[in-house]
Every structure is written in structure tokens, then in C-alpha cells.
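Residues in the sequence shown are numbered consecutively from 3, following my numbering.
Where a beta carbon is used, it is the ideal one built from N, C-alpha and C, also for glycine.
Structure, as C-alpha cells:
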Amino acid sequence: MLEKIIKAYDIRGLVKNEITPDFSFALGVAFAKFLEYEREPATIVVGEDMRESSPLLADAFTNGANSQGMDVIRIGLASTDMLYFASGKLNLPGIMFTASHNPAKYNGMKLCKSGARPIGQDTGLLKIRELIEKGVPISNRPVGSSRKENLLKDYANYLLAQFPKNTFKKRKLKVVIDAGNGMAGFTAPAVMAKLDIDLIAMYFELDGNFPNHEANPIEAKNLKDLQKRVKKEKADIGLAFDGDADRCFLIDEKGGLVNPSALTALIAARELKANPGASIIYNLISSKAVPEVIAENGGVGIRSRVGHSYIKSMMAQTGAVFGGEHSGHFYFNDFWRADSGMLAALYALAELMGSNSSLSELLKPYNRYISSGEINTKVKDVTKSISRVRDKYHGKYQVDELDGLTITASTWWFNLRPSNTEPLLRLNVEADTEKEMIKIRDAVLALI
Numbered sequence: 003m004l005e006k007i008i009k010a011y012d013i014r015g016l017v018k019n020e021i022t023p024d025f026s027f028a029l030g031v032a033f034a035k036f037l038e039y040e041r042e043p044a045t046i047v048v049g050e051d052m053r054e055s056s057p058l059l060a061d062a063f064t065n066g067a068n069s070q071g072m073d074v075i076r077i078g079l080a081s082t083d084m085l086y087f088a089s090g091k092l093n094l095p096g097i098m099f100t101a102s103h104n105p106a107k108y109n110g111m112k113l114c115k116s117g118a119r120p121i122g123q124d125t126g127l128l129k130i131r132e133l134i135e136k137g138v139p140i141s142n143r144p145v146g147s148s149r150k151e152n153l154l155k156d157y158a159n160y161l162l163a164q165f166p167k168n169t170f171k172k173r174k175l176k177v178v179i180d181a182g183n184g185m186a187g188f189t190a191p192a193v194m195a196k197l198d199i200d201l202i203a204m205y206f207e208l209d210g211n212f213p214n215h216e217a218n219p220i221e222a223k224n225l226k227d228l229q230k231r232v233k234k235e236k237a238d239i240g241l242a243f244d245g246d247a248d249r250c251f252l253i254d255e256k257g258g259l260v261n262p263s264a265l266t267a268l269i270a271a272r273e274l275k276a277n278p279g280a281s282i283i284y285n286l287i288s289s290k291a292v293p294e295v296i297a298e299n300g301g302v303g304i305r306s307r308v309g310h311s312y313i314k315s316m317m318a319q320t321g322a323v324f325g326g327e328h329s330g331h332f333y334f335n336d337f338w339r340a341d342s343g344m345l346a347a348l349y350a351l352a353e354l355m356g357s358n359s360s361l362s363e364l365l366k367p368y369n370r371y372i373s374s375g376e377i378n379t380k381v382k383d384v385t386k387s388i389s390r391v392r393d394k395y396h397g398k399y400q401v402d403e404l405d406g407l408t409i410t411a412s413t414w415w416f417n418l419r420p421s422n423t424e425p426l427l428r429l430n431v432e433a434d435t436e437k438e439m440i441k442i443r444d445a446v447l448a449l450i
């Protein structure tokens, strides 16, 4: 079971028989021991989302950590980026109880070291799994304590302090936010109250059963309500957050979905104005417009594998000021290199308020190519399928295997990579024209 629920970047599984209070207690014991080995501080920050099971799991984890002599600070309801803020501000390791965008029957945990440094498979999750399997010796340390702390106001103030004074008072905007009954319903009011906007709230009621739609904005069907509302209200922008609010997707004034790569390019251009010549990281399924915009603005573009642990470690190694992923994750050096959907939303609002343009006009320079979006295909043999595609294109075009298989021609490219958790292949195609994108997409899918 541990092999099933302890994934590449976090822990996730079914509440009924996998992510149980017993497991959470064992995780608290093992995480405490892991932090002791790592010589981390002896206090853990704990945040939780709105799922019914989250408080029970957080209680059990706290008891496990306390039993090993670890103190716990409970920040209560939080978005994942609010937990990263707490870990960064307090310089303490942390854990967030959330299953992000997954349906109600799931829950899970995201862990970090002090300063919001990520813990993935290679940086601690496998060691923690081993400690759970073997068991941890009884600690000689006195039982730890637990206390509560409310950091919502501090979190909102910190995000807004990243911008010059009066940034959000230049032009009044009408903004629709769909929180999907997730944690943005808790954090957005605290942040948006300080902006000169007309806020229209959708599904701000915290409800881990997700009565309106899944809190997964990467699926087009979950954006339909927001798109309709933006057009009905004649709003300037729509913002959609996932369940734990660490990802943000934009809807323009026409009701169209903003390509996350366009938002990456927009933020990159803004960051390079403030930090001339800086490095910006983008993952390899981002539009090729992203490295073009970085170069045009005098920056250094650095290509990364898909996955937050890779981007965060590359940011640490290179001193990059910003990193963007096509999946809607955006990472900021001034936010402890962690991802924040709310901070990305504020960057978009800041650019829009500082311009006389509509959002679609503002983003036009960054929408240069046609992309397929991510297409998932279930396969019996992942390796065999990738080999078949490689054999077809090898020798004719540029081949790159940084993450899966990337084939690049002068007017198109595609990336085919396996899922970390399922027998799936993920395909992303981009081309200069829609006709060419469809042609390459269909040819690769036929081979798969």
C-alpha cells in the first residue's frame, strides 16, 4: 500500500482504507525521525484543507510527531501556498493535508523542509516510507507540544508586499473568481479585499464534497461556469483555482481560456523588467514562445523537466527569479522558490491594471503558436510505445530525452512522456498552424 500512496512528489490515496488516521499517526512518527536525521528544527507547521477528513488526519499526525518529541504549530485552514509561506516565514518544516484537485474520496499530504524546500521521492519520501515500514524506535525526547497560530493576514500582506505601492489602484477591474469550493474561498477574500476591484465570488463556500464541480481547472468542463459568468458580468478577467489553491488558470474577457504558457511569458517579462538579465525556468512542455519572450527581454531561459521538485532545485542552483509550468504552477524566488497560484493571479492583475488593454490584447504577443493541450492515452507497455514513436522520427528531426521523448522540427515539436503514477502516456504537441498541429498530433496518437 505504501508503494501505491507515496508518489513522486506527495502522498495521496483513498480516505476509506489508505489515508487513514492510523497511517497519519505513523507518518507523524516517521517524519519526526526523518527531520531529526536531517538536523531540521524540532517544530513542524501543519496546515489543512476543507476536506472532512483533514482535521482528523492532522490531529493524528500531530500526536505522532509529538510522541517523538516534535512540537507542532497548527495554522488550521490553509491553501498549500499558505503552508509554504508559513514554512518560509518561520523557517520550519511543514506538512499540508490536501488531495489538491482530486475528488472527495481522496486525501493526502504535501511535505517540505524548513524554508519551504520540497520533499519528493529522491529528497525524503522514500526514506520516510522506509521508516514507516521498519518502525521507529521509541524516542528519548520529552513529548512535544502543539499550539495554534493564525497566519492568514500575514500571508495576504506578504503577497501584496511583492508589488510597488499603488500597483492595484491604477484601474478598477471587474474580477470573477471560481474557488471550486476549495481553499481559494478562504484565502482570496483576505487578499482581494486589499485591491481596488469589483469581486464576483463563485463557489467560495468551503466544501470538500465539491458540490458544483471538481476543483480541477485543468479539465475544460470545470471552467464552463466561470467562462459563462465572465461573459455575463462583462468582467475583465476570471480566475480559477484548484482545490488547494496552489494552481491558477485565467479566463479572458471573451470567456476564453488563457494558455498557461502565455501567463508564464507575461510574468517572465515583468520579472525581467525588475531583474534585468535574470534566469527564468520553464518546463519542456511550455510553448516555445516562452524561451523566445525570455530572450527578447534580455533574460536567460533554462529548460526543465516537468515536476515541481526539479524546478525548485534548479531555481536554487541557478538563482532563477521565476519558474513556470504549463500545468498552472508558478514558482517565485521571493516566495522561497515555492509555487503560489494567488501570487501568479496578482501578477496578472498587476499587468492588467497597469495597461489600458483587455486581457486578450495584453496576452496577444505571447500567443504565437497552436498547442494540442495534454492528451493522455492508456497503454499496456509505456516503453514499447515510446520506442515505436522514437523509431519513426529518429534521424529525421532533433531528438531530446530530458523527460520522456521530445521531437523538434522547424515548425512543430511534440513531447511524449510517461505518467509517474499510472500506465499513461502524456502527449503535448505545438505547431505554427492548427493544420500542422492536428497532422502531427494524429500521427503520433496513431503510433501510440
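What whole-angstrom Cβ distance do residue i and residue j have, given they're in contact under 8 Å?
i, j, result
"A340", "D124", "A340 to D124, Cβ: 18 Å. No contact."
"Q229", "G240", "7 Å"
"T100", "D51", "4 Å"
"E255", "A237", "7 Å"
"L16", "I134", "Not quite, the Cβ-Cβ distance comes to about 17 Å (not below 8 Å), so this is no contact."
"A181", "M204", "7 Å"
"L59", "S89", "Their Cβ separation, rounded to whole angstroms, is 18 Å, which puts L59 and S89 out of contact at 8 Å."
"A163", "V193", "Actually they are not in contact, since the Cβ atoms of A163 and V193 sit about 12 Å apart, beyond 8 Å."
"F324", "A270", "6 Å"
Is residue i close to the ligand ZN? I mean its beta-carbon at under 6 Å from any heavy atom of the ligand.
i, result
"F337", "Among the components modelled here there is no ligand, and therefore nothing to report on the ligand ZN."
Below 6 Å CB to CB, which residues in the same chain sit around residue i once its five sequence neighbours on both sides are set aside?
i, result
"T379", "L427 and I450"
"V431", "S374, F416, M439, I442 and R443"
"R53", "N109 and G210"
"S281", "V302, I304, T320 and A322"
"R370", "A291"
"S357", "L364"
"G30", "F63, G66 and A67"
"W414", "A433, E438 and I442"
"K233", "G257"
If I follow the unbroken alpha helix (DSSP H) through residue i, where does it start and stop?
i, result
"F87", "T82 to L92"
"K35", "P23 to Y39"
"V232", "K226 to E235"
"M439", "E436 to L449"
"T266", "P262 to A276"
"E298", "A291 to E298"
"Y157", "L154 to L162"
"D61", "S56 to S69"
Over the uninterrupted beta strand (DSSP E) stretch that includes residue i, give me the two end residues.
i, result
"V430", "The residue you asked about is not Val; residue 430 is Asn in the sequence shown. Segment L426 to A433, the beta strand (DSSP E) holding N430."
"R305", "V302 to S306"
"L16", "I13 to L16"
"Q454", "One cannot answer for residue 454 here, as it falls past the ends of the chain, which runs 3 to 450."
"T320", "Taken as a continuous stretch (DSSP letters only), T320 belongs to no beta strand (DSSP E), being part of the alpha helix (DSSP H) at H310 to T320."
"T100", "Counting along the chain, T100 falls outside any beta strand (DSSP E), and DSSP gives it neither H nor E."
"S281", "S281 to N285"
"P382", "The sequence given here has Lys at residue 382, not Pro. Premise fails: K382 is in no beta strand (DSSP E) and is neither H nor E."
"V74", "D73 to L79"
I need the DSSP call for residue i, collapsed to helix, strand or coil.
i, result
"A340", "strand"
"A242", "strand"
"F416", "strand"
"E42", "coil"
"V391", "helix"
"V145", "coil"
"M3", "coil"
"Y371", "coil"
"L175", "strand"
"Y333", "strand"
"D124", "helix"
"I8", "strand"
Tell me which same chain residues have a C-beta within less than 7 Å of the C-beta of residue i, skipping the five on either side of it?
i, result
"D198", "F170, K171 and K174"
"A411", "Y399"
"A297", "G303"
"G300", "L274, P278 and G279"
"I220", "S329 and G330"
"R272", "Y349 and E353"
"R14", "I7, A101, N104, Y108 and G110"
"I287", "V308, H328, N417 and N430"
Give every residue of the same chain whose Cβ lies closer than 8 Å to the Cβ of residue i, excluding the five residues on either side of it in the sequence, and list them in chain order.
i, result
"I46", "F33, A34, L37, A67, M72, D73, V74, I75, L94, P95, G96 and I97"
"P43", "L37, N93, L94, P95 and S116"
"L259", "A222, L225, Q229, F251, L252 and I253"
"S362", "D254, E255, K256 and G258"
"P425", "K380, V381, K382 and V384"
### Query
Is the region 245-262 touching the region 321-334 in the sense that three or more CB pairs, one from each, lie closer than 8 Å?
yes
### Query
Taking three-plus beta-carbon pairs below 8 Å as touching, is the region 174-188 in contact with the region 70-85?
yes
### Query
Do the region 349-356 and the region 377-396 meet, that is, are 3 or more Cβ pairs less than 8 Å apart?
no
### Query
Is the region 105-122 touching the region 307-315 in the sense that three or more CB pairs, one from each, lie closer than 8 Å?
yes
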